[in-house]
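In my numbering, the protein residues as written are 4 to 363.
Encoded as structure tokens, the structure appears first; notes follow it.
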Amino acid sequence: MLDVRRLVLLRELSIRGTMTAVARAMNLAPSSVSEQLALLERETKTVLLRRAGRTVQLTEAALALVERTDPILDALEQAEAALVSTGEEVTGRVTLAVFQSAALTLLPPALTLLRTRHPGLRLEVVQYEPETALHETWARDFDVVVAEQYPGHSAPHWPGLDRRPLLRDELQLAVPSSLDVDRLDAGPGTEVDVEPGNVVRAAEPGTASDTGRGAEPRAAPGTAPDGRRPTPGAVLQALLAHRPLPWVMEPRGTATRHWAEQVCRSAGHEPDVRYVSSDLQSHLALVESGNAVALLPGLMLVGSRVRLRRIPLDGRPMRTVFTSTRSSTAGSPAVVAVRSVLEEAAGDLGLGTASRTGSV
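Structure representation (structure tokens):
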């Protein structure tokens with residue numbers, strides 16, 4: 004019978020490409036990986052690897068073996084889940100990958116719930132970029148991932164991973180509270196209520212807004228003669244055209260950056276991006292200090308005391324946050340418990356909770 008651990012190493016090599024990368028992922032020495040794969044060749048009496056310069060390539064026989072390894076690993080995970088489910092308490096170890104804004108807002112209440120309900124369950128958490136984390140969950144480095152999907156940018160679908168929606172949060176334009184958007188040469192249009200630190204709601208001209216103002220709009224410095232303020236789209240265009248402040252965005256290559264650039268380009272301008280950071284807290288700091296403008300998800304602003312102005316974008320675009328795990332582990336009591344507390348924590352935030360039966 005073939006050694007499953009050696010099959011796992013062969014599968015890892017097919018995913019990661021080099022012995023060194025496999026050794027790093029499996030916490031082994033490269034020489035140990037090479038030795039175990041050589042033993043697998045002896046077991047199978049088949050050539051599995053061939054030299055290609057300084058690297059190795061998998062033969063057709065090796066690829067066929069890798070293709071049959073995933074069902075074996077799935078069966079083992081299902082067997083472990085069935086064994087654990089016979090116990091009265093939920094125990095074990097779950098590894099979770101989560102991105103920053105979810106780690107700041109979802110994770111603390113979820114951990115509190117988990118510790119209270121399942122004290123015997125060990126949850127280990129790593130902050131990870133969502134798209135990479137989805138791949139690593141498929142590769143079996145993580146058990147569960149909290150990932151995100153932006154409008155028009157579907158997150159990667161890896162075979163054997165299921166998805167459950169957690170929440171939907173609105174993507175908004177964030178500007179310093181000191182920036183007078185009324186004085187931007189944006190032109191008149193639908194009035195927009197802009198208040199420091201609050202979600203902004205558009206109010207149609209001639210109607211009462213939810214802040215208690217009467218039906219007749221009040222004139223303010225920098226507004227049009229009819230007293231109306233610029234539309235959200237006009238504010239964005241003015242920020243892009245007149246460039247009173249530069250932009251802060253996430254690094255190139257991320258779904259977030261691509262979406263943000265497309266929003267600006269759809270408004271007819273290229274954003275002046277001077278600050279790049281994957282840390283959204285630095286985005287908040289730059290906006291609050293009056294040094295930049297940004298596009299931020301609502302989850303990042305939950306419970307925040309940062310002083311800034313939030314302006315809705317045309318169409319009120321929403322980001323979808325979801326959990327994903329391998330189908331073979333989706334029924335594990337430990338995984339079910341982790342997803343359950345995450346979903347409960349998401350519901351308690353008061354944002355748009357996505358349908359649990361909907362697709363992502």
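C-beta: ideal position from N, C-alpha, C; glycine also.
All values reported here derive from a predicted model rather than from experimental measurement.
Own chain residues within Cβ distance below 8 Å of residue i, not counting five before or after
i, result
"Thr140", "Ala100, Asp146, Val147, Val148, Trp161, Leu164, Ser327, Thr328 and Arg329"
"Ala41", "none"
"Arg319", "Glu173"
"Asp73", "Arg14 and Gly163"
"Ala55", "none"
Close beta carbons around residue i, own chain, < 7 Å, minus the five adjacent residues each side
i, result
"Pro254", "Arg260, Val279 and Ser281"
"Ala113", "Val344, Leu345 and Ala348"
"Thr21", "Thr58"
"His286", "Val251, Ser280, Ala297 and Leu299"
"Ala136", "Ala100, Phe145, Val148 and Ala150"
"Ala295", "Leu248, Pro249, Trp250, Val251, Tyr278 and Leu289"
"Arg342", "Val147, Arg167 and Thr326"
Neighbour-count burial assignment, residue i, 16 or more Cβ in a 10 Å radius
i, result
"Thr53", "As written in the sequence, residue 53 is Arg, which differs from the Thr given in the question. Result: exposed."
"Arg171", "buried"
"Arg14", "buried"
"His245", "exposed"
"Ser181", "exposed"
"Phe102", "buried"
"Pro315", "buried"
"Pro168", "buried"
"Val7", "exposed"
"Glu127", "exposed"
"Thr89", "exposed"
"Arg268", "exposed"
"Glu134", "buried"
"Arg71", "exposed"
Alpha-carbon spacing of residue i relative to residue j, whole angstroms
i, j, result
"Leu10", "Leu248", "55 Å"
"Glu132", "Phe325", "14 Å"
"Gln60", "Gly256", "28 Å"
"Thr115", "Gly155", "34 Å"
"Arg125", "Arg166", "22 Å"
"Gly190", "Gly353", "Bear in mind that a pLDDT of 42 at Gly190, under 50, signals an unreliable position, so the number given afterwards is only what the model happens to contain. Roughly 34 Å between the two C-alpha positions."
"Val87", "Glu38", "34 Å"
"Leu68", "Ser307", "51 Å"
"Ala158", "Glu46", "39 Å"
"Pro111", "Leu117", "10 Å"
"His138", "Ser331", "16 Å"
"Ala78", "Leu16", "21 Å"
"Ala75", "Thr94", "In the sequence as presented, Ala is not what sits at residue 75; that position holds Ile. In a straight line, the C-alpha of Ile75 is about 23 Å away from that of Thr94."
"Thr62", "Val309", "56 Å"
"Asp275", "Met321", "24 Å"
"Arg313", "Ala106", "22 Å"
"Ala340", "Gln284", "29 Å"
Closest Cα partner of residue i within the set the options
i, options, result
"Leu5", "Glu132, Leu43 and Leu12", "Leu43"
"Thr323", "Glu173, Leu352 and Pro179", "Glu173"
"Leu393", "Val25, Leu117 and Ala241", "Any answer about residue 393 is impossible in this case: the structure gives the chain only from 4 up to 363."
"Ser35", "Leu12, Thr47 and Lys48", "Leu12"
"Lys48", "Val128, Ala64 and Asp73", "Ala64"
"Glu83", "Leu31, Glu46 and Val338", "Val338"
"Ser335", "Arg120, His138, Glu80 and Thr135", "Glu80"
"Ala142", "Ile18, Glu264, Pro320 and Val87", "Ile18"
"Gly350", "Ala136, Val266 and Thr108", "Thr108"
"His121", "Arg96, Gly301 and Arg312", "Arg96"
"Thr98", "Val266, Val129 and Thr89", "Val129"
"Ala28", "Glu70, Ser157 and Asp144", "Asp144"
"Val266", "Ser331, Val341, Tyr153 and Thr332", "Tyr153"
"Leu66", "Pro74, Leu51, Ile75 and Asp77", "Leu51"
"His272", "Leu243, Ala78 and Leu283", "Leu243"
"Ala3", "Ala333, Val341 and Arg342", "Residue numbering for the chain in the displayed model covers 4 to 363; residue 3 lies beyond these limits and cannot be assessed."
Rounded distance between the beta-carbons of residue j and residue i, thought under 8 Å
i, j, result
"Ala258", "Leu239", "The Cβ separation is near 20 Å, so there is no contact."
"Gly123", "Glu151", "Contact doesn't hold; Cβ gap of about 30 Å is too wide."
"Val305", "Val178", "Not quite, the Cβ-Cβ distance comes to about 19 Å (not below 8 Å), so this is no contact."
"Ser104", "Leu302", "5 Å"
"Ala26", "Ala32", "6 Å"
Cut-off 6 Å between Cβ atoms - residues of its own chain near residue i, not counting five sequence neighbours on either side
i, result
"Gly293", "Pro179 and Ser181"
"Ala263", "Met252 and Leu298"
"Thr119", "none"
Contact with chain B by residue i, beta-carbon distance below 8 Å
i, result
"Val50", "Considering every chain present, this structure includes no chain B. It has just one protein chain."
Proximity test, residue i beta-carbon vs the ligand ZN heavy atom, cut-off 7 Å
i, result
"Val149", "This structure simply doesn't include the ligand ZN, nor any ligand for that matter."
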